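Novice: Protein chains in written order, with the working numbering: chain F, 1 to 291; chain S, 292 to 1135; chain D, 1136 to 1297. Quick reminder that beta carbons are idealized off the backbone N, C-alpha and C, glycines included. Note that the structure is a prediction, hence the values are computed from the model and not measured. Encoded as structure tokens, here's the structure I'll be asking about.
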Amino acid sequence: MKAPPFAYLRATSLDDAFRLWSAAGPEAKLLAGGQSLIATLAFRLSEPSALIDISRVPELGGITEAGGAIRIGALVTHAQLGASELVRRHVPLLAEAVPLIAHAAVRNRGTFGGSLAFADPAAELPACCVALDATVIARTRSGERRIPAAQFFTGLYTTALAADELIAAVELPQARPGERSTIIELARRSGDYAMAGIAVRAKIAGSTLVEPNVVFFGVGDRPISAGRAASALAGKPAAPATVAEAQAALGGDLDPPADQHGTPEMKLHLARVLLARALDRLIGHAGARAA
Amino acid sequence: MNEIIDPRSIDRPNSYIGKSVPRPNAKKLVEGRGQYVDDVVLPRMVHVAFVRSPHAHARIANIDAAAALKLPGVLRVFTGQDLAEHCEPWVAVLAHLKGMKSAPQHPLPPERATWVGEAVAAVVAESRAAAEDAVAKVDIAYEPLPAAVDMETALAPGAAVIHADLGDNLCFERVNESGKVDEAFAAAHRIVEATFHTARHTGLTLEPRSILADYNRASGKLTAYHSTQAPHMMQGVFAKHMGLPEGDVRVICTDVGGSYGIKVHVYPDEVAVAVIARIMGRPVKFIADRLESFATDIHARDHRIKGRMAVDAEGRITAVDVDDLTGIGPYSVYPRTSAVEGNQVVNLIGGPYDFANFRAKTTVVFQNKTPTCQYRAVGHPIATAVTEGLVDLAAEVLGLDPVEIRRRNLMRDGTYPRTSPAGMKFEGLSHEASLAKLLAMIDYPALRAEQARLRANDIHRGIGFASFIELTNPSPFMYGVGGARISAQDGCTVRIDPDGSVVAATGVTEQGQGTEAIIRQIVAEGVGVPIEQVRVITGDTLTTPYGGGTWACRGAGIGGEAALQAGIAVKQAVLKVAGAMLQASSDALDLVNGEIVDKASGQSRMPLVELSRIVYFRGDTLPPDLPRELMQTRHFITKQYPFAFTNGVQACWLEVDVDTGMVKLLKHWCVEDCGRVINPLLVDEQVRGGIVQGIGGALYEHCLYSPEGQLMIGSMADYLVPMAAEMPDIEVGHVETPTKESLLGAKGAGEAGTAGAPAAIMNAINDALKPFNAKVFAQPFTPERILAALGKVPSRWPVASSVALPLRTADASAAPALVTAPKAAAGTVREPGLFGRMFGRSRA
Amino acid sequence: MSTTLDIAMTVNGERIARRVEARQHLIDFLRLDLGLMGSHAGCEHGLCGACTVRVDGRIVRGCLVLAAALDGATVETIEGVSDTGEIRDLQNAFIARNACQCGYCTPGMLLTAADLLASKAEPTREEIREHLSGNYCRCTGYHAIVDAVEAVARQRNGKAQP
Ligand SMILES: Cc1cc2nc3c(=O)[nH]c(=O)nc-3n(C[C@H](O)[C@H](O)[C@H](O)COP(=O)(O)OP(=O)(O)OC[C@H]3O[C@@H](n4cnc5c(N)ncnc54)[C@H](O)[C@@H]3O)c2cc1C
Ligand code: FES
Ligand code: FES
């Protein structure tokens, strides 16, 4: 199916983008990589009056290091993210996530900001941002707002962004010594959105997890922090009993909806398996096997 | 009079037959210079988009196109009533399928929409985009009617009857029975049983259905560029139903971007395009988009089969009894009908095995879903899954190895011709040789050892086998006897041009299988010229001999034989002229590699190009009464056997992650006997492609519906197909048992892969799950279903029968251990009712 | 606000300028406006890879890129890389190995394979499968495609064929 008719406006600077956007009115949409937006337009499920192409706005690009954080511009593509030495060194979780996202041709155009703004509950980068305690830098014409990733995702395909706000960049704390992280997902086929996935970050002291962040994707309406499971793990050596306790605690953390892959019970089951496998990866054989 | 008449000469070392010759038409395709229907652009061409039903069943109360017609670029809107005046409806039944019934179908339904996605109005505009803009503005008032969605309840009292005139929703019913089934079960040593489900699939050709129809009012001729497998059949269909002389219709198929059976049917929206072209007197193009493809390309394989098998103490099969139910949508599809799949199931079950007592029943019902019809390997994957699943269950209760039970029961090589308990006539098969070859390829003991070793580490691998038969080279017994104008005969015209080059026009068609390549090989061989000198014409009703096209694996077997005979006839004609020119007996001459040679010595006497020059330009120098017919046509049709059966066996090696239910395919093997292999490269790739199509059905593909009849798949993110990363390497081996019905000896090869793969995968999964006493019989074998079988998650599909170990002994008087399936409580899918939303902008 | 706009780009080495509808994706632009029919659309949802073309040297899904957004860009299609001979070896291998049946997926498949070989000299079969994992082929079952790509990689490295 062809997209419905709309106008196309190309922004050349951030100011320009805001000017075009407000002139185009509330029915206009931002276009970044288009890897989600153009596909949805081809279903004619929405009919925007205009697309404001922000993909050439220089202020929204680039990966930089500043004050112990890595700043990733909204327009950084998945491919650029995966190729960045800074990212590999300081936020290895993101580098690990990139190959799990779609396919090479999609990664060449899909952007970090677009992925966060689209807020697919099964997407990898939103979950990583939550696990990494990232800060989303949102911009309006008049200023900047810093939104913790944990508060950014508010529901199915919805975010805390205001109607006139865009994502300018994301700031991520650099990995500290002793910190480890991993992302695992279960997808039917390579590049598919996950049936269920997990992103974990923790400091490891011996075989003990300190301040673990356990975030699931594909099992809720947004990335879900598994606080109860994390508490069950925190400060304890990751023995099989601890893992089992954390797996049990997931029942209180997650309330997955049914989808084409399975029932809520199946998703919870997969989440438990993923938790054990992620811990295995982080601290070697925690002796954990699935429920 | 010359060597090629002896079939053995085909095996001579320098023969083109049996060589992996690359395809002559591949170069243009790899350079992006093929020509598919959408690539054809004609002056004054306009585009169609269809308004499609958001309801499974509804009366069309009113169609208001006023707003649509006001949009820029929009030319016309047609309703079912508009087109009904210009096109006779069709009823898709076959006389030899006794009692079969169906309702008249129009290009667009004048009164009722009967499935979600059915075209109910057509918008014609200057571009496809403009036509789609207008589709959104056509206001259709529907009165929703009760729908019959679930095939299990389609015949229940009180079910909504889709076509009142038919009385009920029964399309066709047949019991195929031989021997003494009940006695055999009563006397059985062991009985195994299970309920199998094969999911609704669709072919998903990458090139969507496409047609560009042009009607020239001055000449009165309709020309259709059509992505079809059967141009002559479509010529007849357009002519008959549009009231045109057949000679005034020309169907051209340029390159076809995949077909697999999907493009051999009459689609009402495609006929609508031809009718609209006739009304408007200009070229009209329709290229289905992916969403339309999901809702309107034929679906297939929506079967539920209850099967039982009885075995004796020696592990010999004594009886098979199956009950098949299939839902085919609201109409039987024209002209092949939608009863054939079920009919094939009851013909093919038990096919590889030697046993006496057989009963198979199929019940074919109407329902308000997309129509189903023949899709690659029609009925075979279903019959094979049921048969091979039961065989493995029997092996398990008997404590036999799966290979051993097959050894004991497969029809013995060298015992042919014979007839199967289902009544199929086999000219010559090679089950034992095929199994032996397969075992030589896979190193079975090593796999079993690996399996045992890894099980200790909680890694669960399984190996599964599937023997199968495949029906190819159909005779008129398939369709013609039932009254369908579907040619089982095919022809080939071969001519020599003045430059000595050869042109072959054939009635079989090319959709990527390599038809042109094999015809070229065969003609080069038959005539005796270098292969580079042969050009092939296919896919044009005006320029090729009348034929059936390419389906049911007949391209090589039927079309190839006609090409061989025509090539030989041309050679004989050449030698006759050569004899006169060289003052020699034509029997003493031969045509080899473009040279007339002395047969005994092989010495060159004259180049062919010199002979053709004389014939065409200096005919005055030849004896006046000498025939010089350098163009010959031959036709071929099989006469002794209704079908040429092929056979083979597959094995699959995979790993099941018992915590996640994910299946990882490690390796797949297939040994296949398609008679004479004309081009191993092409056959192997047919087999590989077919296997992956079978894997798709086994693991991923499912046209999912809501209980209300909403199609729940809107994109290739919902309907999963096999992609490169998950597919295994596939090894292919051959056994050759040529058919004696033809000189060439070729049978079909295109469906073998699809026929056996799902069964092999099912058996491999169940082999891997053996330590857990868990089994799956409902395709696709998704992680959810495997976890449900393992008891790790609850099941929401009708798969309960796969959870219980469906075994009982004959002396157990109690009811079978089958748990009846709970009502499917379909969960919510991510984009529920996309079609309702897409197609349903209009008033309900 | 206008739903059309003027764009200029370089396509297969030729500079072209057209007025396009803003909603038109690159594949329709190439096919309908430029007559380059080698790029195919199989889904228009980003899910089949048939539409793979190169923009500014990188492969993209042509159905998910608006022509309007490509003002000033360099686009290469299967026709372009065929004319330059850049992927002749891959094309020959596809023919020799019968890795192209109906050919509808083939242009996208070839450009994706070429992309892999440009960044990885000798990929394993698994890496080849992974890189092609977004390109659907219904005909071949992929095995022959993987064979062809593997063979070209070896050939480019001066190694003998297995
Ligand atoms: C075949 C396929 C498979 C995929 N698989 C995955 C996968 O496995 N995992 C995954 O995470 N993603 C996947 N994606 C999606 C991909 O990652 C997208 O690139 C991403 O979701 C959106 O990024 P984009 O730049 O393309 O955004 P666009 O499509 O341009 O925009 C998406 C939405 O975000 C808004 N937006 C974009 N940028 C901004 C901004 N800076 N500020 C505010 N709003 C903005 C737009 O207005 C629009 O509403 C897949 C896509 C395809 C086609
Ligand atoms: S047409 Fe672009 S991915 Fe299918
Ligand atoms: S060759 Fe037909 S889809 Fe790939």
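Using the rule of at least 16 other Cβ atoms within 10 Å of the residue's Cβ for burial, across every protein chain shown, is Leu51/F buried or exposed?
Specialist: Here the question's residue 51/F lines up with position 51 in the first sequence. Burial call: buried.
Novice: Return helix, strand or coil for Arg1150/D, following the three-state DSSP convention.
Specialist: Here residue 1150/D refers to the residue found at position 15 of the third sequence. Strand at Arg1150/D.
Novice: How would the residue list near ligand 5 read, in chain order, if you kept each one whose beta-carbon is closer than 7 Å to any heavy atom?
Specialist: In the structure shown, ligand 5 is absent; the only ligands present are ligand 1, ligand 2 and ligand 3.
Novice: Counting only the same chain and skipping the five closest in sequence on each side, list residues whose C-beta sits under 6 Å from that of Lys531/S.
Specialist: The residue you call residue 531/S lines up with position 240 of the second sequence. Taken in chain order, the list of residues that qualify is empty.
Novice: By DSSP's criteria, Tyr770/S is part of a beta bridge. Which residues make up the other side?
Specialist: Within the second sequence, numbered from 1, the residue matching residue 770/S stands at position 479. DSSP, once it has assigned bridges, lists no residue as partnering Tyr770/S.
Novice: Does the CB of Ala1185/D have a neighbour CB from chain S at under 8 Å?
Specialist: Position 50 of the third sequence, counted from the start, is the residue given in the question as residue 1185/D. Yes - at least one Cβ of chain S is within 8 Å of the one on Ala1185/D.
Novice: Between the segment 675 to 683 of chain S and the segment 588 to 602 of chain S, do three or more beta carbon pairs fall short of 8 Å?
Specialist: With the cut-off at 8 Å, the segment 675 to 683 of chain S and the segment 588 to 602 of chain S touch.
Novice: Measure the alpha-carbon distance for Glu423/S versus Tyr516/S and round it to whole angstroms.
Specialist: Translated into the one-based positions of the second sequence, residue 423/S becomes position 132. Translated into the one-based positions of the second sequence, residue 516/S becomes position 225. Distance between the alpha carbons of Glu423/S and Tyr516/S: 22 Å.
Novice: Check this for me: beta carbons of Asn648/S and Gly494/S, under 8 Å apart or not?
Specialist: If you number the second sequence from 1, residue 648/S lands on position 357. If you number the second sequence from 1, residue 494/S lands on position 203. No.
Novice: Can you pull the DSSP bridge partners for Glu65/F?
Specialist: Indexing the first sequence from 1 puts residue 65/F at position 65. Ile70/F.
Novice: Can you look up Asp948/S in the DSSP assignment and give me helix, strand or coil?
Specialist: For this step, residue 948/S is matched to residue 657 along the second sequence. Coil, per DSSP.
Novice: What is the DSSP secondary structure of Leu1098/S, reduced to helix, strand or coil?
Specialist: Here residue 1098/S refers to the residue found at position 807 when the second sequence is read from its first residue. Low confidence applies here, because Leu1098/S scores a pLDDT of 34, under 50, leaving its location unreliable; read the following figure in that light. Leu1098/S: strand per DSSP, three-state reduction.
Novice: Relative to the C-alpha of Asn1233/D, which candidate in Ser311/S, Glu1032/S, Arg967/S and Leu385/S has its C-alpha closest?
Specialist: Translated into positions along the third sequence, residue 1233/D becomes position 98. With distances taken between Cα atoms, Asn1233/D lies closest to Ser311/S.
Novice: Between the alpha carbons of Ala490/S and Gln658/S, how many angstroms are there, rounded?
Specialist: The residue you call residue 490/S lines up with position 199 of the second sequence. The residue you call residue 658/S lines up with position 367 of the second sequence. The alpha-carbon atoms of Ala490/S and Gln658/S are separated by roughly 15 Å.
Novice: Looking at the unbroken alpha helix (DSSP H) that takes in Glu1265/D, where does it start and where does it end?
Specialist: As a first step, residue 1265/D is located in the third sequence; it is residue number 130 there, counting from the start. Note, Glu1265/D: alpha helix (DSSP H), Arg1260 to His1266.
Novice: Taking the continuous beta strand (DSSP E) assigned at Phe217/F, which residues delimit it?
Specialist: Locating residue 217/F in the first sequence gives position 217, where the first residue counts as 1. Thr208 to Phe217 is the extent of the beta strand (DSSP E) around Phe217/F.
Novice: Would you mind sorting Gly233/S into buried or exposed? The rule is 16 or more other CB atoms within 10 Å of its CB.
Specialist: The shown model of chain S, from 292 to 1135, leaves out residue 233/S, and the question about it has no answer.
Novice: Put Asn1292/D into one of helix, strand or coil per three-state DSSP.
Specialist: As a working mapping, residue 1292/D is identified with position 157 in the third sequence. Asn1292/D falls in the coil class under three-state DSSP.
Novice: For Arg109/F, would you say it is in contact with chain D, using Cβ-to-Cβ distances shorter than 8 Å as the test?
Specialist: Translated into the one-based positions of the first sequence, residue 109/F becomes position 109. Yes - at least one Cβ of chain D is within 8 Å of the one on Arg109/F.
Novice: List the residues of chain D whose Cβ lies closer than 8 Å to the Cβ of Pro48/F, in chain order.
Specialist: Your numbering for residue 48/F matches position 48 in the first sequence. Within chain D, no residue comes near Pro48/F; the closest Cβ sits about 10 Å away, beyond 8 Å.
Novice: Evaluate Lys955/S with the Cβ neighbour count: other Cβ atoms within 10 Å of its Cβ, from every protein chain shown; 16 or more gives buried, anything less gives exposed.
Specialist: The count along the second sequence starts at 1 and reaches residue 955/S at position 664. Label assigned to Lys955/S: exposed.
Novice: Taking 8 Å as the CB-CB limit, is Ala1256/D close to chain F?
Specialist: Position 121 of the third sequence, counted from the start, is the residue given in the question as residue 1256/D. By this cut-off, Ala1256/D is not an interface position.
Novice: Under the rule that 16 or more other beta-carbon atoms within 10 Å means buried, what is Gly782/S, buried or exposed?
Specialist: Your numbering for residue 782/S matches position 491 in the second sequence. Buried.
Novice: Hey, Leu880/S and Arg904/S are a contact pair by Cβ (cut 8 Å); roughly how many whole angstroms apart?
Specialist: The residue you call residue 880/S lines up with position 589 of the second sequence. The residue you call residue 904/S lines up with position 613 of the second sequence. Leu880/S to Arg904/S, Cβ: 18 Å. No contact.
Novice: How would you list, in chain order, the residues of chain S whose beta-carbon sits under 7 Å from the beta-carbon of Val273/F?
Specialist: Within the first sequence, residue 273/F is the residue found at index 273, counting from 1. By Cβ distance, chain S contributes Asp950 and Thr951.
Novice: Please confirm whether Lys310/S has its beta-carbon closer than 8 Å to some beta-carbon of chain D.
Specialist: Within the second sequence, residue 310/S is the residue found at index 19, counting from 1. No, no contact with chain D.
Novice: Take Tyr837/S as the anchor and find which of Met524/S, Leu385/S and Asp1009/S has the nearest alpha-carbon.
Specialist: Numbered from its first residue, the second sequence carries residue 837/S at position 546. Looking at the Cα atoms, Met524/S is the closest of the given residues.
Novice: Does any residue of chain S have a CB that is nearer than 8 Å to the CB of His345/F?
Specialist: This structure cannot speak to residue 345/F, because chain F is shown only from 1 to 291.
Novice: Checking contacts by CB at 8 Å: is Cys1198/D closer than that to chain S?
Specialist: Along the third sequence, read from residue 1 onward, the residue named residue 1198/D stands at position 63. Output row for Cys1198/D: interface = no.
Novice: For Lys1083/S, return the contacting residues in chain F, with the cut-off set at a CB-CB distance below 7 Å.
Specialist: Counted from its first residue, the second sequence places residue 1083/S at position 792. Those within 7 Å of Lys1083/S in chain F are His269.
Novice: Return the residue from the list Glu687/S, Asp614/S, Ala743/S and Lys554/S that minimises the CA-CA distance to Cys1136/S.
Specialist: One cannot answer for residue 1136/S here, as it falls past the ends of chain S, which runs 292 to 1135.
Novice: For Gly1181/D, count neighbouring C-beta atoms within 10 Å of its own C-beta (all shown protein chains included) and say buried if the count is 16 or more, exposed if not.
Specialist: Along the third sequence, one-based indexing puts residue 1181/D at 46. The residue is buried, with at least 16 neighbouring Cβ atoms inside 10 Å.
Novice: Does the beta-carbon of Asp1163/D have 16 or more other beta-carbons within 10 angstroms, so that it is buried, or is it exposed?
Specialist: Looking up residue 1163/D in the third sequence gives position 28. Per the 10 Å Cβ criterion, buried.
Novice: Alpha carbons only, please: which of Asn1147/D, Ala1248/D, Ala1143/D and Ser1174/D is nearest the one belonging to Ala104/F?
Specialist: Position 104 of the first sequence, counted from the start, is the residue given in the question as residue 104/F. Comparing Cα-Cα distances from Ala104/F to each of Asn1147/D, Ala1248/D, Ala1143/D and Ser1174/D, the minimum goes to Ala1248/D.
Novice: Along the segment 403 to 430 of chain S, what residues have a CB closer than 8 Å to any CB found in chain F?
Specialist: Answer set for the segment 403 to 430 of chain S: Arg419, Ala420, Glu423, Asp424 and Ala427.
Novice: According to DSSP, simplified to helix, strand and coil, what is Asn700/S?
Specialist: Reading the second sequence from its first residue, position 409 is the one you call residue 700/S. Helix, per DSSP.
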